[in-house]
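Chains as they are written, first to last, in the working numbering: chain F, 776 to 1304; chain P, 776 to 1304.
Number of protein chains: 2
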Amino acid sequence: MFEEALAAFRTALGADHVLTGDALGRYGADTLPITRQIPAAIRPGSVEEVQQVVRIAAAHEVPLYPISTGQNWGYGTSQPMRDGSVIVDLGRMNRVVELNSELAYVVLEPGVTQRQLFEHLRQQQVRLWLNPTGAGPDCSILANTLERGFGIGPNGDHFMAQCGMEIVLPNGEILRTGFGHYPGARSTWVYKYGVGPYLDGLFTQSGLGIVTKMGVWLVPEPEAFEACYFMCNSESQFGPAVEALRGLLFDGVFRGPVNLLHRDRVLIMLERYPWDALAGRQLDEARAARLAHEKKVAIWNGVGCIAGSREQVRAARQTIKRALRGKVSKLAFLSEQRLAILRTFPKAISVLMNVNVPELLHSLSSSYGMMRGTPSKVALPLAYWRNRRGTPDTDDMNPARDRCGLMWFAPIIPMTPRDVADFRAVIEPIMRKHDFECCITLTAVNERCFDCTLPLMYDLENPAEATRAMACYRELSERCAEAGFYPYRLGLQSMEKEVGRDDIFWTVATSLKRTLDPGNILAPGRYAR
Amino acid sequence: MFEEALAAFRTALGADHVLTGDALGRYGADTLPITRQIPAAIRPGSVEEVQQVVRIAAAHEVPLYPISTGQNWGYGTSQPMRDGSVIVDLGRMNRVVELNSELAYVVLEPGVTQRQLFEHLRQQQVRLWLNPTGAGPDCSILANTLERGFGIGPNGDHFMAQCGMEIVLPNGEILRTGFGHYPGARSTWVYKYGVGPYLDGLFTQSGLGIVTKMGVWLVPEPEAFEACYFMCNSESQFGPAVEALRGLLFDGVFRGPVNLLHRDRVLIMLERYPWDALAGRQLDEARAARLAHEKKVAIWNGVGCIAGSREQVRAARQTIKRALRGKVSKLAFLSEQRLAILRTFPKAISVLMNVNVPELLHSLSSSYGMMRGTPSKVALPLAYWRNRRGTPDTDDMNPARDRCGLMWFAPIIPMTPRDVADFRAVIEPIMRKHDFECCITLTAVNERCFDCTLPLMYDLENPAEATRAMACYRELSERCAEAGFYPYRLGLQSMEKEVGRDDIFWTVATSLKRTLDPGNILAPGRYAR
């Protein structure tokens, strides 16, 4: 059966695009201590080939697992949910199908990376920004959107900024959502809902079809843009700062999500784990405090952006200053002009302001650039925190290839100081108990809640530490559920248990999947039973 | 079979809540020249009773048609898609289940009206605003959201401002979306997507379940708020004004949707149709121009709002002035203070500014109030335009009861002057040919498209005119489809034809419906085959 399927795939795609054996290496690389049996990977080059692929799979009852660029770090990378799934690598389908500079959108295929779109926009000389995720320049925009990922700054809720899909259904038919199924429709990429049931959500965090095209809204470069950085030097400032932040978000002062990074989250991006001193134990408070002092990292470090007309940006600056007065230890705004000054006079400013300007520039430029649509690897070094092999140049980072141990736990927390305190009271003892650093970022994905991203970094090559990481994840997930905090996204480490709950939601999700995919050929086990 | 079902409904709900015969009058009243046979209406008072209702209906194969307040004016009011459907009137379920003033949301049952929530917020003394639709104070908030309706001002995209649902499925089970299906979840009403496929969209514009609770995000009263009014006295200003408006929307200058009302749309809200002079013919250009001159109505009349801190509102005002300079004939901002001055010195200002202040105040106060969350009947008089019986006091308006002829055609248009011109070139000759006024409003529901609402007003009691209205609708809908413009919403006048198209989207929508509703008991024919 399987051999016949392979032969049919070879006929349909050409032998070069059907990989087996040693050629599968990269698809098995993962930052989780989990290994799936992957019998083959196939690389269709067009929608028609994807249609052939699902038909062959259905005929031979071979499960498929579609990936775009396979960089789902910390959630399973390229690995399928179940053993025996054939990887459908959509990386060859990497066209920017349409770019509309007037209405500020693009239509993308799955293989288009953040870097590629960034370069494309530059080449076309259109003043439009994408909103990058922290997963790095080589990550697929379409795939991150389907996982409902996010960035900071304008259009940071990626699913919110998605409009229109083309989907190959498990039966090989093509479904176009929104108005896309109507001939000659003009509003496919400018109005999300179309008419009748709004179906796009069904194809996010699911396996009901293979999305082969997606409309993505971009941000027209505003007249003025500044990044806003603020710091709380004591935990007592955190509550009032969160209340003030929520008010600012309600008033639309910030453009898009704002990040609050805990001290330790910043440290692990700047430092390497001191193996000699700690030997697998967590970073202790005294050492963390000393490092933070050296690097001028506060207990809480906020970053968001303001954009619009010159008047709007000035008003936003004034409003933020007024709202955060007394609630933060430091508040600074960064513009292109100020960055240029720092770049021109690094030494003088280092002395004058008692900061290490080159080091500051490195981290500031990256987060500043990310908010203006420049993808960056600034968030990737954290994956290398407990990697004993050392850390490559940032530009060359690939956490799965380099055998980094990384697992994300990402629950949603209502945006109140009380909810955050309750949440920390649950997770901090668990992290301590399992000897991992508690490096949280709270991202205000809307005005009412935080998406907390908590990375578990461990030594993937030390089986005991990997087992401890899995146990820690399990405990986090169970205790948080008891306290009412649930994750916005699942990975290989948690999928089966989560969807296996006795719960009408997962029953409905599974029955909708079976309607479109009666043979359960497509990504079996992914966000469904 | 049907009599047995009725008996079972009586046992479950009490005889008082099962209506037949003459008691059905209000459910058959409609602004369309279409009459459905309605055998009964039942009024469950709780979620448990709704569960019983769907189980009884399934057992006896009796189709149901749920309504909330039954005020879907111009799309079918309370009438079901198919003859023989029992109306499930959810009006008794009208609790505000939860009000969270810190995180600015409410959880509502289907029967909660705009007026009721407005009063509730006032009684509770919380400074939160809802976003009303133009359908009037007695319209259900939940139902308008399920139809993906909209208003102007903050949170104007009602489905965007919806978070979390409780749904009685056709099998009687209860599905809670987002995180709502998890015990003790804290983020059900603050994070839209939950984990796994995002299902809420499936339950909008559909008949897959009866939504019995919904989270609705409210707007915390901002420090400052102003309405912005602008006018174009010539069509040549329209294109540049649209381009400028799109730029302002991209920069987040306006809070929520902005309306562009054509002259004739404003006139029909202010005037009555001159039967003696026109006798069923459309308002001619000379008369419209004269009326517009008298009433000081421009060719295009824009309204939107700006809100936030005092600094932000000032900056928005400056930015709008700069962007619209030379592109509009008039630009004015209205605040509470200015309204108070107008109210205090109506005569002096009337003389000084050469306007009729009391008349101005009436229309300004309503649109200004709507944007600040005060529901109003300001948009309802248009339904009475060709009603020969005359017009009741605005407070007493009910277009279906008063036998107004009203039918909405509401296609989506990309936000470019060229697309709007193409669209008008299609519709204007059709409206002229059928002798109806072309009274469009363009609502910028997002930064990239307009929702064009075009009302067909006709004399419902004149069969020839009603037939002409139906023919006009058909032609609008067909010619617009050929030109690429499709409606965002369907009514009784268009549903069957639309969902009957040979189109994979409607096939998929129908098969998803059959999965949850194998007996096709719930709202058969509604946004599915």
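Every residue, glycine too, gets a C-beta built ideally from N, C-alpha and C.
Everything numeric in this text was worked out from a predicted model, so none of it was measured.
* Determine which residues of the region 976-989 of chain F have a Cβ less than 8 Å from any Cβ of chain P, and write them out in chain order. => 976, 977, 978, 979, 980, 981 and 983
* To do: Taking only beta-carbon positions, decide if residue 967(P) is within less than 9 Å of chain F.
  => Here the question's residue 967(P) lines up with position 192 in the second sequence. Residue 967(P) counts as touching chain F.
* Leaving out five residues on either side along the sequence, give the residues of the same chain with a beta carbon under 8 Å from the beta carbon of residue 1144(F). => Against the first sequence, residue 1144(F) aligns to sequence position 369. Same-chain partners within the cutoff: 1151.
* Environment of residue 1102(P) [buried if 16+ CB atoms lie within 10 Å] -> Numbered from 1 along the second sequence, position 327 holds the residue referred to as residue 1102(P). Answer is buried; the Cβ neighbour count reaches 16.
* **Residue burial classification, residue 1040(F) (beta-carbon count within 10 angstroms, cutoff 16)** => Position 265 of the first sequence, counted from the start, is the residue given in the question as residue 1040(F). Label assigned to residue 1040(F): buried.
* Does the Cβ-Cβ distance between residue 923(P) and residue 1276(P) come in under 9 Å? -> Numbered from 1 along the second sequence, position 148 holds the residue referred to as residue 923(P). Numbered from 1 along the second sequence, position 501 holds the residue referred to as residue 1276(P). Not closer than 9 Å, so no.
* Helix, strand or coil for residue 873(P), going by three-state DSSP, please let me know. => Translated into the one-based positions of the second sequence, residue 873(P) becomes position 98. In the structure shown, residue 873(P) sits in a strand (DSSP, three-state: E or B).
* Exposed or buried, which one is residue 856(F) when buried takes at least 16 other CB atoms within 10 Å? -> Translated into the one-based positions of the first sequence, residue 856(F) becomes position 81. With 16 or more other Cβ atoms within 10 Å, it is buried.
* Asked: Hey, residue 811(P) and residue 1267(P): beta-carbon distance below 9 Å or not?
  -> As a working mapping, residue 811(P) is identified with position 36 in the second sequence. As a working mapping, residue 1267(P) is identified with position 492 in the second sequence. In contact: residue 811(P) and residue 1267(P) (Cβ atoms closer than 9 Å).
* To do: Closer than 8 Å, Cβ to Cβ, to anything on chain P: give me those residues from the region 864-888 of chain F, in chain order.
  => 877, 878, 879 and 880
* Asked: Hey, residue 938(P) and residue 963(P): beta-carbon distance below 9 Å or not?
  -> Position 163 of the second sequence, counted from the first residue, corresponds to residue 938(P). Position 188 of the second sequence, counted from the first residue, corresponds to residue 963(P). Cβ distance < 9 Å, so residue 938(P) and residue 963(P) count as in contact.
* What residues in the region 1204-1225 of chain F bring their beta carbon closer than 9 Å to a beta carbon of chain P? -> 1220, 1221, 1222, 1223 and 1224
* Which residues in chain P sit within 9 Å of residue 1298(F), going by Cβ to Cβ distance? -> Position 523 of the first sequence, counted from the start, is the residue given in the question as residue 1298(F). Those do not exist, as residue 1298(F) stays about 12 Å from chain P at its closest Cβ, beyond 9 Å.
* State the beta-bridge partners of residue 1082(P) as determined by DSSP. => As a working mapping, residue 1082(P) is identified with position 307 in the second sequence. Residue 1082(P) pairs with 1000(P).
* List in chain order: all unbroken beta strand (DSSP E) runs of 3+ residues lying wholly within the region 1158-1229 of chain F. => 1180-1184, 1187-1189 and 1216-1218
* Asked: If we ignore side chains and look at the alpha-carbon of each, how far apart do residue 848(F) and residue 839(F) end up?
  -> Taking the first residue of the first sequence as position 1, residue 848(F) is located at position 73. Taking the first residue of the first sequence as position 1, residue 839(F) is located at position 64. One C-alpha to the other measures close to 20 Å.
* Could you tell me whether the region 1081-1091 of chain F touches the region 998-1008 of chain F, using the rule of 3 or more Cβ pairs below 8 Å? => yes
* Asked: By the criterion of Cβ-Cβ separation under 7 Å, what are the contact partners of residue 1086(P) in chain F?
  -> Counting from 1 along the second sequence, the entry for residue 1086(P) is found at position 311. Simply 1090, 1093 and 1094.
* How about the region 1283-1298 of chain P and the region 940-950 of chain P: do they share at least three Cβ pairs that are nearer than 8 Å? -> yes
* Kindly confirm or deny that the region 903-919 of chain P and the region 821-831 of chain P touch, where touching means at least three C-beta pairs closer than 8 Å. => no
* CA nearest to the CA of residue 818(F), picked from 959(F), 868(F) and 850(F) -> The residue given as residue 818(F) occupies position 43 in the first sequence. That would be 868(F), whose Cα lies nearest to the Cα of residue 818(F).
* Asked: By how many angstroms is the C-alpha of residue 1025(F) removed from the C-alpha of residue 1224(F)?
  -> By one-based count along the first sequence, residue 1224(F) stands at place 449. By one-based count along the first sequence, residue 1025(F) stands at place 250. C-alpha separation (whole angstroms): 12 Å.
* Return no unless some Cβ of chain F is closer than 9 Å to the Cβ of residue 1286(P). => As a position in the second sequence, residue 1286(P) is number 511, starting the count at 1. Yes - at least one Cβ of chain F is within 9 Å of the one on residue 1286(P).
* To do: Identify the continuous beta strand (DSSP E) that holds residue 992(F) and give its terminal residues.
  => What you label residue 992(F) is simply residue 217 of the first sequence in a count that begins at 1. Note, residue 992(F): beta strand (DSSP E), 985-992.
* C-alpha gap between residue 1075(P) and residue 1284(P), whole angstroms -> Counting from one through the second sequence, the residue named residue 1075(P) turns up at place 300. Counting from one through the second sequence, the residue named residue 1284(P) turns up at place 509. Using only the alpha carbons, I get a separation of about 39 Å.
* Asked: Looking only at DSSP bridge pairs, what is residue 945(P) linked to?
  -> Position 170 of the second sequence holds residue 945(P). None, per the DSSP bridge assignment.
* Does the distance from the C-beta atom of residue 1226(P) to that of residue 1161(P) stay below 9 Å? -> Locating residue 1226(P) in the second sequence gives position 451, counting from the first residue. Locating residue 1161(P) in the second sequence gives position 386, counting from the first residue. For residue 1226(P) and residue 1161(P), no; Cβs fall outside 9 Å.
* Asked: Taking the C-alpha atoms as reference points, what is the distance between residue 1222(F) and residue 926(F)?
  -> As a first step, residue 1222(F) must be located in the first sequence, where it is residue number 447. As a first step, residue 926(F) must be located in the first sequence, where it is residue number 151. Going by the C-alpha atoms only, they are around 15 Å apart.
* **Supposed close pair residue 1230(F), residue 1183(F) - CB separation, criterion 8 Å** => Residue numbering aside, residue 1230(F) sits at position 455 when the first sequence is read from its first letter. Residue numbering aside, residue 1183(F) sits at position 408 when the first sequence is read from its first letter. Correct: roughly 6 Å between the Cβ atoms.
* Asked: By how many angstroms is the C-alpha of residue 1137(P) removed from the C-alpha of residue 1072(F)?
  -> Numbered from its first residue, the first sequence carries residue 1072(F) at position 297. Numbered from its first residue, the second sequence carries residue 1137(P) at position 362. Near 57 Å, if we compare the C-alpha coordinates of residue 1137(P) and residue 1072(F).
* Asked: Excluding the five sequence neighbours on either side, which residues of its own chain have a C-beta within less than 8 Å of the C-beta of residue 820(F), listed in chain order?
  -> By 1-based counting over the first sequence, the position of residue 820(F) is 45. These residues qualify, in order along the chain: 788, 792, 867 and 868.
* Asked: Comparing alpha-carbon positions, which option in 1269(P), 1209(P), 1174(P) and 1287(P) lies nearest residue 845(P)?
  -> Along the second sequence, one-based indexing puts residue 845(P) at 70. Residue 845(P) has its Cα closest to that of 1174(P), out of 1269(P), 1209(P), 1174(P) and 1287(P).
* **Residues that DSSP places opposite residue 1153(P) in a beta bridge** => The count along the second sequence starts at 1 and reaches residue 1153(P) at position 378. Paired residue(s): none; residue 1153(P) is not in a bridge.
* Flag residue 1283(P) as yes if its beta-carbon sits less than 9 Å from any beta-carbon of chain F, otherwise no. => If you number the second sequence from 1, residue 1283(P) lands on position 508. By this cut-off, residue 1283(P) is an interface position.
* Are the Cβ atoms of residue 843(P) and residue 794(P) separated by less than 9 Å? -> On the second sequence, position 68 is the one that residue 843(P) refers to. On the second sequence, position 19 is the one that residue 794(P) refers to. No, the Cβ-Cβ distance between residue 843(P) and residue 794(P) is not below 9 Å.
* To do: Thinking residue 1217(F) and residue 1195(F) are a contact (beta carbons under 8 Å), I'd like their distance in whole angstroms, please.
  => The count along the first sequence starts at 1 and reaches residue 1217(F) at position 442. The count along the first sequence starts at 1 and reaches residue 1195(F) at position 420. Sure, about 7 Å apart at Cβ, within 8 Å.
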